[in-house]
Amino acid sequence: MAFSSDSDEIHSLTQEEEQSLQTERIIFPTQHANKRKVSAAIFSVSSSSSSATNASTRSTGSVMYRQVTFQPDSTIDVPKYAESLEGLEFAGFATHHAEAIMTNWINRGDDNPDSFKMYIRAHLAKQNTITANSEDEKLRQLGIIEPYRQAILDPRFKAVRDTREIYFWAVETVMTNWSSIFALQGKLKQAAKRSQKKHKRQSLTSGTFAGPASAPTSSNATAAFSATPSDESHLPTAHIELVSEPPSKPPDHTFLYTGMSVCRDSEPLISDDGDLQFEFISTAPGGDFNSQDLALYMSEEKETAEVFRQYAERRCPSSESWIIRIAVPNDFLGSLDTKHIWYGYDWKYYVWLCRKALQLRAPRTYPEYCNAELLVGHICKKPDTKSIPDGEAQTRITDDHVLRIPSGPRVGEKATQHVFMSPPVYARLAERVRGRLYIEVVPASVPTHLIPAA
């Protein structure tokens, strides 16, 4: 069951492109009408791509690709269409939940403006109203299949998981996995175009006495998927410099980090004009420190950002994950109306107000925090904070509910966050850090449960 959307159509393959990819041993024949059997090389990054340099005179930032290993002879079943039963199953839904979403989508009516992704979110929201006795039971009720339940509940990432409700992680996991289908479709389309150009060049240069063509191998497929920003990251090539090591810290600057998976369903971090769009990584009201507006959360500790990235990679293997680093001028930080809020009475109560998104009560109680441009403080890791009854935050939130730095020289110390409190503030930040952005890209990997059994 599949319906081709505009997004699917953009990346659809022609018959010639399909044949070209089969010749290159990038895709293989399959009996499934709505899936493609694709070489695991789709997840590869060549050594040349991680060390190449784009000669941009005014780049917005720099990118470095981490090298990963993969099994070049393995294959993965990729849906032909994202808006399909197979696409929903790829995202992590059990079949009967995927069927329910598809039924609602098919019967929506011609005048319904809602998108397919809104139907996914609506199904999750409906299932979230059912009471559950455990996090695993909650994920089952949401329709999440076992491999992704195990990923979300991986005990190695309990501290990170506890910074948000389990429902948040379920939605993020499903939506990121679903949006990665578009990225994989795009990679196939790009590989097909490169393959056709290569064959055209070969046909033009081959002569009467040319030797026989060599048989395609897994290395052909790997070469076809050499990663570049435009291919994998939605990072405009004209505004990105590829580097082989992180840029050094400029004098009088502070590094801030965040770790995340890349959801192709959202706006790009860098626009076609090279402007930074921090909306891409902002947090909706209901975070630790923002009850009213979108806010940009970052940390001075790379180790904190890295464990969030690792958790994203664990849950969303078919998507890239990033460590984003910005070098912020200290004079800009000093110019902001900044308040510090550390673990204690006010921290507990303010986090409780913000997690409940009490948009009127929080400003009345703590106007100095809500009106600040930058808040710096500790990170809460109590997922049920907003369900705490009024008046019980001081006893129910304890020192054990503060996130700790997971590794490095400061391991065990309380982790911190810098929160730029509204879009106008981080729009000014974007202007000051342009050219001081660095992204460490960890390529997507093969979701092992999707590899067909031998």
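Quick note on numbering: the sequence shown equals residues 2 to 455 in our numbering.
Note that beta-carbon positions come from the ideal geometry of N, C-alpha and C, so glycine has one too.
Do lysine 382 and aspartate 115 have their CB atoms nearer than 9 Å?
no
Limits of the unbroken beta strand (DSSP E) element including phenylalanine 421:
417–421
For threonine 61, which residues does DSSP report across the bridge?
According to DSSP, threonine 61 bridges with nothing at all.
Note down, in chain order, each residue of its chain lying with its Cβ closer than 8 Å to the Cβ of threonine 174, except the 5 sequence neighbours on either side.
Gly93, Ile145, Tyr149, Ala152, Ile153, Arg316 and Cys317
Indicate the three-state DSSP secondary structure (helix, strand or coil) for histidine 33 in the structure shown.
coil
Can you tell me whether threonine 305 is buried or exposed? The criterion is at least 16 other CB atoms within 10 Å of its CB, across all chains shown.
Answer is buried; the Cβ neighbour count reaches 16.
Work out the CA separation of glycine 335 and isoleucine 121 for me, nearest whole Å.
43 Å
Can you give me the C-alpha to C-alpha distance between lysine 303 and asparagine 372, rounded to a whole angstrom?
28 Å
Beta-carbon separation of phenylalanine 281 and proline 269 under 9 Å?
yes
Check tyrosine 82 in the structure and name its three-state DSSP category.
The three-state reading of DSSP puts tyrosine 82 in coil, since its state is none of H, G, I, E or B.
Rounded to whole angstroms, what is the Cα-Cα separation between proline 444 and tryptophan 179?
CA-to-CA, the gap between proline 444 and tryptophan 179 works out to about 17 Å.
By DSSP, does glutamate 18 sit in helix, in strand, or in coil?
helix
So is tyrosine 367 in contact with chain C if we call contact Cβ pairs under 9 Å?
Looking for chain C here will not work: only one protein chain is present.
Start-to-end residues for the alpha helix (DSSP H) that takes in tyrosine 350
346–356
Kindly indicate which three-state DSSP category valine 175 falls into: helix, strand or coil?
helix
Identify which residue in Arg356, Asp274 and Tyr351 has its Cα closest to the Cα of alanine 285.
Out of Arg356, Asp274 and Tyr351, Arg356 has the C-alpha closest to the C-alpha of alanine 285.
Leaving out the 5 sequence neighbours to the left and right, which residues in its chain are closer than 7 Å to lysine 340 when beta-carbon positions are compared?
Glu369, Tyr370, Ala373 and Leu376
Which partner residues does lysine 340 have in the DSSP bridge list?
For lysine 340, which the question treats as bridged, DSSP gives the partners Leu376.
Using a Cβ-Cβ cutoff of less than 7 Å, which residues in the same chain neighbour proline 248 once the five nearest sequence positions on both sides are dropped?
Ser63 and Tyr439.
Proline 330: first and last residue of the uninterrupted beta strand (DSSP E) it sits in:
322–330
Are there 16 or more other CB atoms within 10 angstroms of the CB of serine 388, so buried, or fewer, so exposed?
exposed
Would the beta-carbon of serine 196 fall within 9 Å of that of isoleucine 380?
Not in contact: serine 196 and isoleucine 380 (Cβ atoms no closer than 9 Å).
Go ahead and label aspartate 401 buried or exposed: buried means 16 or more other beta carbons lie within 10 angstroms of its beta carbon, across all protein chains shown.
exposed
Pairs of beta-carbons, one from the segment 411–420 and one from the segment 287–304, closer than 8 Å: are there three or more?
yes
Cα-Cα separation, isoleucine 182 to methionine 299:
28 Å
Select from Asp385, Leu185 and Thr396 the residue whose C-alpha is nearest the C-alpha of arginine 37.
Leu185
Skipping 5 residues on each side, what residues in its chain have a beta carbon closer than 6 Å to that of serine 320?
Cβ within range, chain order: Thr177, Ser181, Ser262, Val263 and Ala445.
Please look up how many angstroms separate the CB atoms of arginine 326 and tyrosine 258, rounded, as I've assumed it's under 8 Å.
5 Å
Note down the Cα distance separating leucine 297 from leucine 14, rounded to an integer number of angstroms.
38 Å
So, helix, strand or coil for tyrosine 439, using DSSP?
Residue state, collapsed to three classes: strand.
Same chain only: Cβ atoms within 8 Å of asparagine 331, ignoring 5 sequence neighbours per side
Asp253, His254 and Thr255
Look up leucine 334 in the DSSP assignment and say whether it is helix, strand or coil.
helix
What first and last residue would you give for the alpha helix (DSSP H) that runs through phenylalanine 309?
303–316
Own chain partners of tryptophan 353 with C-beta closer than 8 Å, once the 5 adjacent residues on each side are dropped
Thr386, Lys387, Ile389, Ala394 and Ile398
By the 10 Å Cβ neighbour count, where 16 or more other Cβ atoms means buried, how is alanine 41 classified, buried or exposed?
buried
Rounded distance between the beta-carbons of valine 161 and lysine 312, thought under 8 Å:
Residue 312 is actually tyrosine in this sequence, not lysine. In this structure tyrosine 312 is in contact with valine 161, their Cβ atoms being roughly 5 Å apart against a cut-off of 8 Å.
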